[in-house]
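A.B. asks:
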Amino acid sequence: MLSVQIEKKLGDFAIDAAFESAGGATVLFGPSGSGKTSIINMIAGLLTPDRGRVVLDNDVLFDAGTRIVTPAWRRRIGYVFQEGRLFPHLSVKHNLDYGRWMSGLAADEKAFTHAVELLDIGHLLDRRPGRLSGGERQRAAVGRALLMRPRLLLLDEPLASLDAARKDDILPYLERLRDDGQVPMIYVSHNAAEVKRIASRVVRVDAGKVTATGGAELLDS
Amino acid sequence: MASACWPNRCHKRVLDLSPQDWIAVQLSLRIAVVSTLIALPFGIAIAFVLARKEFWGKALLDAVVHLPLVLPPVVTGYLLLIVFGRRAPVGAFLADHFGIVFSFRWIGAALACGVMAFPLMVRAIRLSIEAIDRRLEDAANTLGANRAWTFITVTLPLAFPGVIAGMMLAFARALGEFGATITFVSNIPGETQTISAAIYTLTQVPGGDSAAMQLVIVSIVISLGALMASEWFARRAHARLHGN
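In structure tokens form, the structure reads like this:
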């Protein structure tokens with residue numbers, strides 16, 4: 001259970017957003033530049049809100065009132081970035097292992113195999129990110145975020161940098177991930193077709209504010 | 222050294238160096254290697270601070286780091302003398318408490334070379350740190366890496382080509398250092414006489430030309446070798462960072 005209530009001024013732009021997410025895939029839907037990425041950066045701890053509260057499973061990650069700011073590296077929140085951001089100097093295998101190393105988790109062969117099969121990246125393990133296609137890179141990035149065993153998975157337009165055919169290749173993996181049900185997702189997108197397939201719940205964001213929350217029917221209005 | 226040419230067996234070969242000249246070559250290499258390795262951690266730290274941090278006095282720190290590049294080397298050597306000399310404040314402290322004496326010792330030459338090479342090293346490393354995509358560090362953060370681990374596992378490996386370039390520049394600078402070294406620790410054969418100082422000495426005595434020429438050749442070979450080695454490392458590092 002994620003509960004977000006944040007305010008942040010970024011130059012002339014102000015974010016003032018509040019929403020909750022109980023599980024499945026909650027989509028932050030809105031036009032480019034509406035502040036969606038800033039919102040999930042604040043959930044991840046990469047950006048500090050001016051005011052408000054972020055609580056995940058009764059764990060207060062941020063509270064302006066009591067000045068609690070958990071650093072990003074202690075939040076155990078997986079993040080799949082728009083551009084993947086795989087470490088170019090590490091093989092795919094080592095990219096996948098990175099979160100486990102840094103979080104001090106023991107090797108979990110079963111979880112590793114499960115993620116690799118789910119995302120179909122077994123044949124890429126020895127390669128470096130520079131030699132992956134855009135779609136392969138994004139799948140590896142999802143795997144990397146999953147294998148740190150996150151409490152929550154943030155996905156920031158993970159398909160935006162891919163062409164239509166590639167998107168259709170990856171969407172099924174993300175749907176499988178959602179139906180897997182092991183980790184709740186916050187999914188940022190401005191693409192209605194994509195959102196319809198992924199969303200269990202939609203939070204509509206416009207100009208830094210939440211304007212509506214509900215089911216996928218929000219997209220039709 | 223890879224060459225099988227030893228001081229007493231070199232007669233009638235291309236290189237016919239006197240034992241004393243060989244010692245100068247060995248000293249030069251030792252001084253250049255030691256000064257580069259000792260300067261490295263400081264160089265990385267200062268480069269990181271200059272590339273990433275904003276603080277009061279940053280411009281001053283930047284200027285001080287660059288000072289040896291713009292000061293006449295003799296001035297740098299003299300400043301070292303009045304700070305690190307046996308009776309100078311810092312020099313006396315280090316000698317009394319740690320037994321480290323710089324004056325007229327090869328380690329003093331290494332200090333002079335390290336100081337002279339420092340700005341070049343910092344510049345190269347700083348540029349490579351500034352070129353790093355910081356979003357990769359954010360990614361490391363979200364994966365559970367704190368600042369120190371992020372630096373060790375992401376920042377440093379990505380800056381590696383710059384670190385190699387910085388070490389190469391520092392090594393070459395140390396090998397060629399003359400003014401600061403000779404001012405600070407003098408020109409003592411077997412202790413502080415490097416290739417450069419030996420060549421200078423040989424050119425000051427009658428009939429020293431051919432021996433000077435030999436040292437010039439050695440010096441060219443070492444410099445070219447260092448350059449090629451660093452090119453090779455840099456290419457490998459580049460390949461590691463960009464696919465393959």
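So the protein sequences, as listed, match chains A and B. For the record, in the first sequence the residue sitting at position 191 is 191 according to this note's numbering, with numbers rising by one throughout. With positions in the second sequence counted from 1, the corresponding number in this note's numbering is that position plus 221. Quick reminder that beta carbons are idealized off the backbone N, C-alpha and C, glycines included. Please read these numbers as outputs of a predicted model, since none were measured by experiment.
Which residues in the same chain as residue 347 of chain B place their Cβ atom closer than 7 Å to its Cβ, once the five residues preceding and following it in sequence are excluded?
C.D. replies: Closer than 7 Å at the Cβ level, and outside the excluded window around residue 347 of chain B, lie 268, 271 and 272.
A.B. asks: If you run the structure through DSSP and keep just helix, strand and coil, what is residue 25 of chain A?
C.D. replies: Strand at residue 25 of chain A.
A.B. asks: With a threshold of 16 other CB atoms inside 10 Å of the CB of residue 58 of chain A, please say whether the residue is buried or exposed.
C.D. replies: The residue in question, residue 58 of chain A, is exposed, as its Cβ has fewer than 16 Cβ neighbours within 10 Å.
A.B. asks: Between which two residues does the beta strand (DSSP E) carrying residue 78 of chain A extend?
C.D. replies: Here the beta strand (DSSP E) through residue 78 of chain A covers 77-80.
A.B. asks: Between residue 190 of chain A and chain B, is there a C-beta pair that is closer than 7 Å?
C.D. replies: Answer no: the Cβ-Cβ gap between residue 190 of chain A and chain B never drops below 7 Å.
A.B. asks: Is residue 15 of chain A helix, strand or coil by DSSP?
C.D. replies: It is a strand residue.
A.B. asks: Using a Cβ cut-off of 7 Å, pull out every chain B residue sitting near residue 88 of chain A, in sequence order please.
C.D. replies: Neighbours of residue 88 of chain A on chain B, chain order: 462 and 463.
A.B. asks: For the region 348-372 of chain B, which residues have a CB atom closer than 9 Å to at least one CB atom of chain A, in sequence order?
C.D. replies: Going along the region 348-372 of chain B in chain order, one finds 354, 356, 357, 359, 360, 361, 362, 363, 364, 365, 366, 367, 368, 370 and 371 with a Cβ nearer than 9 Å to chain A.
A.B. asks: Please tell me whether residue 312 of chain B and residue 306 of chain B are closer than 7 Å, where the distance is taken between their beta carbons.
C.D. replies: Against a cut-off of 7 Å, the Cβ pair of residue 306 of chain B and residue 312 of chain B comes out as a contact.
A.B. asks: Anything in chain B within Cβ reach of residue 46 of chain A, meaning under 8 Å, just list it in chain order.
C.D. replies: Those are 359, 362 and 363, listed as they occur along chain B.
A.B. asks: Check whether chain B comes within 7 Å of residue 149 of chain A, counting only Cβ atoms and requiring the distance to be less than that.
C.D. replies: So no, residue 149 of chain A is outside the interface.
A.B. asks: At what residues does the alpha helix (DSSP H) containing residue 373 of chain B begin and finish?
C.D. replies: From DSSP, residue 373 of chain B is part of no alpha helix (DSSP H); its letter is neither H nor E.
A.B. asks: Quick check: the Cα distance between residue 489 of chain B and residue 462 of chain B, rounded to an integer number of angstroms?
C.D. replies: There is no way to answer for residue 489 of chain B, as the model of chain B reaches only from 222 to 465.
A.B. asks: Just to confirm, are residue 178 of chain A and residue 25 of chain A a CB contact at a threshold of 7 Å?
C.D. replies: Contact: yes.
A.B. asks: Going by beta carbon distance, what residues of the same chain come within less than 8 Å of residue 103 of chain A, once the five residues before and after it are set aside?
C.D. replies: These residues qualify, in order along the chain: 76, 148 and 149.
A.B. asks: Comparing the C-beta of residue 187 of chain A with each C-beta of chain B, is any distance below 7 Å?
C.D. replies: No - not a single Cβ of chain B is within 7 Å of the one on residue 187 of chain A.
A.B. asks: So, do the region 93-110 of chain A and the region 379-390 of chain B have three or more beta carbon pairs nearer to each other than 8 Å?
C.D. replies: No contact exists between the region 93-110 of chain A and the region 379-390 of chain B.
A.B. asks: Given this structure, state the Cα-to-Cα distance separating residue 203 of chain A from residue 361 of chain B, to the nearest angstrom.
C.D. replies: Distance between the alpha carbons of residue 203 of chain A and residue 361 of chain B: 28 Å.
A.B. asks: Check each candidate in B/406, B/394 and B/308 and name the one with the smallest Cα separation from residue 326 of chain B.
C.D. replies: That would be B/406, whose Cα lies nearest to the Cα of residue 326 of chain B.
A.B. asks: Mind reading off the beta-carbon distance from residue 435 of chain B to residue 242 of chain B? Whole number of angstroms is fine, and I expect it under 8 Å.
C.D. replies: The Cβ separation is near 7 Å, so the contact holds.
A.B. asks: So which residues on chain B does residue 62 of chain A lean against when the C-beta distance must stay under 8 Å?
C.D. replies: None at all; the shortest Cβ gap to chain B is about 15 Å.
A.B. asks: Could you spell out where the alpha helix (DSSP H) holding residue 271 of chain A opens and where it closes?
C.D. replies: In the structure as shown, chain A begins at 1 and stops at 221. Residue 271 of chain A is therefore absent and cannot be evaluated.
A.B. asks: Identify the contact partners of residue 296 of chain B in chain A, using a Cβ-Cβ distance below 8 Å as the criterion.
C.D. replies: What residue 296 of chain B touches in chain A: nothing, since even the nearest Cβ is about 41 Å away.
A.B. asks: Any idea what DSSP makes of residue 1 of chain A, helix, strand or coil?
C.D. replies: Residue state, collapsed to three classes: coil.
A.B. asks: According to DSSP, what are the bridge partners of residue 201 of chain A?
C.D. replies: Partner(s): A/26.
A.B. asks: Kindly say whether residue 293 of chain B, judged by its beta-carbon, lies nearer than 7 Å to any beta-carbon of chain A.
C.D. replies: By this cut-off, residue 293 of chain B is not an interface position.
A.B. asks: For residue 384 of chain B, go through chain A and note every residue whose CB falls closer than 8 Å to its CB, in chain order.
C.D. replies: Those within 8 Å of residue 384 of chain B in chain A number zero; the least Cβ separation is about 13 Å.
A.B. asks: Can you confirm whether the region 412-420 of chain B touches the region 431-445 of chain B when touching is taken to mean that 3 or more C-beta pairs between the two stretches lie within less than 8 Å?
C.D. replies: Cβ pair count under 8 Å is three or more, so yes.
A.B. asks: Straight-line CA distance for residue 317 of chain B to residue 90 of chain A?
C.D. replies: If you take the alpha carbons of residue 317 of chain B and residue 90 of chain A, they lie about 47 Å apart.
A.B. asks: What do you get for residue 274 of chain B, buried or exposed, if any count of 16 or more other CB atoms within 10 angstroms of its CB means buried?
C.D. replies: Exposed: under 16 other Cβ atoms inside 10 Å.
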